[in-house]
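Undergrad: Counting from 1, position 124 in the sequence shown corresponds to residue 124 in full-length UniProt numbering; the numbering is continuous, with no gaps.
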Amino acid sequence: MDAIDWSNLSFGYMKTDYNVRCYYRDGKWSDPELETSEYINLHMAATCLHYGQEAFEGLKAFRGKDGKIRIFRMRENALRLQSSCRGIMMAELPVERFEEMVLLAVKKNAHFVPPYESGASLYIRPLLIGTSAQVGVKPAKEYTFLIFVTPVGPYFKEGFKPTPMVIMREYDRAAPLGTGTYKVGGNYAASLRSGEKAHEMGYSAVLYLDAREKKYIDECGPANFFGIKDNTYITPKSESILPSITNKSLMQLAEDMGMKVERRPVLEEELATFEEAGACGTAAVISPILRIDDLSENRSYHFSKDGKAGPVSEKLYHKLRAIQYGDEPDKYGWVTVV
Ligand code: PLP
Ligand code: COI
Numbered sequence: 001m002d003a004i005d006w007s008n009l010s011f012g013y014m015k016t017d018y019n020v021r022c023y024y025r026d027g028k029w030s031d032p033e034l035e036t037s038e039y040i041n042l043h044m045a046a047t048c049l050h051y052g053q054e055a056f057e058g059l060k061a062f063r064g065k066d067g068k069i070r071i072f073r074m075r076e077n078a079l080r081l082q083s084s085c086r087g088i089m090m091a092e093l094p095v096e097r098f099e100e101m102v103l104l105a106v107k108k109n110a111h112f113v114p115p116y117e118s119g120a121s122l123y124i125r126p127l128l129i130g131t132s133a134q135v136g137v138k139p140a141k142e143y144t145f146l147i148f149v150t151p152v153g154p155y156f157k158e159g160f161k162p163t164p165m166v167i168m169r170e171y172d173r174a175a176p177l178g179t180g181t182y183k184v185g186g187n188y189a190a191s192l193r194s195g196e197k198a199h200e201m202g203y204s205a206v207l208y209l210d211a212r213e214k215k216y217i218d219e220c221g222p223a224n225f226f227g228i229k230d231n232t233y234i235t236p237k238s239e240s241i242l243p244s245i246t247n248k249s250l251m252q253l254a255e256d257m258g259m260k261v262e263r264r265p266v267l268e269e270e271l272a273t274f275e276e277a278g279a280c281g282t283a284a285v286i287s288p289i290l291r292i293d294d295l296s297e298n299r300s301y302h303f304s305k306d307g308k309a310g311p312v313s314e315k316l317y318h319k320l321r322a323i324q325y326g327d328e329p330d331k332y333g334w335v336t337v338v
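1. Across which residues does DSSP place residue 74 in a beta bridge pair?
2. Below 8 Å CB to CB, which residues in the same chain sit around residue 169 once its five sequence neighbours on both sides are set aside?
3. Let me know if residue 66 comes out buried or exposed under the rule of 16 or more other beta-carbons within 10 Å of its beta-carbon.
4. For residue 24 and residue 140, what's the separation of their Cα atoms in angstroms?
5. Pull every residue with its beta-carbon under 5 Å away from any heavy atom of the ligand COI, and keep them in chain order.
6. In three-state DSSP terms, what is residue 186?
7. Leaving aside the five residues before and after residue 251 along the sequence, list all residues of the same chain whose C-beta is less than 6 Å from its C-beta, in chain order.
8. Is residue 39 buried or exposed, if buried means 16 or more other CB atoms sit within 10 Å of its CB?
9. Rounded to a whole number of angstroms, what is the C-alpha to C-alpha distance between residue 292 and residue 312?
10. Do residue 268 and residue 216 count as a contact pair if the criterion is CB distance below 8 Å?
11. Examine the Cβ distances between the stretch 234 to 241 and the stretch 305 to 320 and report whether three or more of them are shorter than 8 Å.
12. By the 10 Å Cβ neighbour count, where 16 or more other Cβ atoms means buried, how is residue 63 classified, buried or exposed?
13. Taking the alpha helix (DSSP H) that residue 316 falls in, what are its first and last residues?
14. Our contact map puts residue 275 next to residue 310 with C-beta atoms below 8 Å; I'd like the distance itself, whole angstroms only.
15. Helix, strand or coil: which one does DSSP assign to residue 110?
16. Can the beta-carbon of residue 11 be found closer than 8 Å to that of residue 188?
17. Is residue 267 a contact residue of the ligand PLP, with contact defined as CB to any heavy atom under 7 Å?
18. Which residues in the same chain have their Cβ closer than 7 Å to the Cβ of residue 121, if we skip the five residues on either side of it in sequence?
19. Since residue 271 and residue 277 are thought to touch, with beta carbons under 8 Å apart, how far apart are those beta carbons, to the nearest angstrom?
20. What does DSSP give as the partner residues of residue 54 in its beta bridges?
21. Please confirm whether any heavy atom of the ligand PLP lies closer than 7 Å to the CB of residue 246.
22. DSSP has residue 21 in a bridge; who is on the other side?
23. Just the C-alpha distance for residue 173 and residue 191, rounded to the nearest angstrom, thanks.
24. To the nearest angstrom, report how far apart residue 281 and residue 163 are at their CA atoms.
25. Using only the alpha-carbon positions, how far apart do residue 132 and residue 92 sit?
26. If you measure from the CB of residue 219, is any heavy atom of the ligand PLP nearer than 7 Å?
27. Considering only residues of the same chain and omitting the five flanking positions on each side of residue 30, which have a CB-CB separation below 7 Å?
28. Mind checking whether the beta-carbon of residue 42 lies closer than 7 Å to any heavy atom of the ligand PLP?
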């Protein structure tokens, strides 16, 4: 293996030694198997290919100063995958099996967990797909669950530096009673066109409004939204956004810091009153927002005067990272030491 430049990793794919898989057939999940191939042998009529019957997860492992590897809140990801399975009619994977396979994937690829000093981490990507052949629009009878891991750096290449985001009213990501609350591939396909357009215009991400009324803030393509004002952490409540585990953690940490926490519908106009704003997620961690432009309305909201993250975002970011890397005690049992 060539030496890895740990401090300059991007959020990309790199081959590691093993992935782990198990299969659902005849109403039962098989035992986990270790695999070295990066490929899947798939029937051309598999439901995941034609009808989007697939869900995925994203979580991270971190190497601490003590050399130990810590995985952040994996039980939450296991439960959210089960929710996605119910959402698109797939066989549910037991939580214990999910956890066992995450641990196996991390242990078998332990030398790919970046060193503490690099600030990088090991991204863990579980994937569940419908594999049996079907041409009618029906759920599959058979499923494959697999986990691969890959070392990553920041999702937004600017890292913790605030970046501009954009509201594009001509695109929606997810419908109110659709699949927005599930982590299924179709939502991400729906965000590609607007996302690429935003990147071409120099924005780091699209901030979607609610699709029904176009009045409320939903979330970014790959992360939830939060705003800070008057010592309050405010984050949208919506039927079409993913329940972010990072956001849930930040709400707890904000409360611990003596802040008020509000999870409620957030009108776009309210952006004008926020002192700070950010996107949060496993990949994004906290990505502070510099400015949000609502293009068709010709409006802009500014959150940083000096191009730096605000004090609350900064504090939350360091607190979260300190728990993830094991620098601070894990008061809530969020961390699994491998
Ligand atoms: N929203 C969307 C659409 C996402 O893809 C993600 C990433 O997982 C998040 C929010 C953040 O969720 P989490 O903090 O659980 O990673
Ligand atoms: C994550 O944060 O884990 C995500 O899945 C976001 C993105 C890479 C799709």
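Backbone N, C-alpha and C define an ideal beta-carbon position, used for all residues, glycine too.
Given the structure is predicted, the values throughout are model-derived calculations rather than measurements.
TA: To lay it out plainly:
1. Residue 74 pairs with nothing; no bridge assigned.
2. 209, 214, 294, 295, 296, 297
3. exposed
4. 10 Å
5. 58, 222, 281, 282, 283
6. helix
7. 261
8. exposed
9. 19 Å
10. yes
11. no
12. buried
13. 311 to 324
14. 6 Å
15. helix
16. no
17. no
18. 60, 61, 62, 114, 152
19. 7 Å
20. 129
21. yes
22. 33, 146
23. 6 Å
24. 15 Å
25. 16 Å
26. yes
27. 22, 23
28. no
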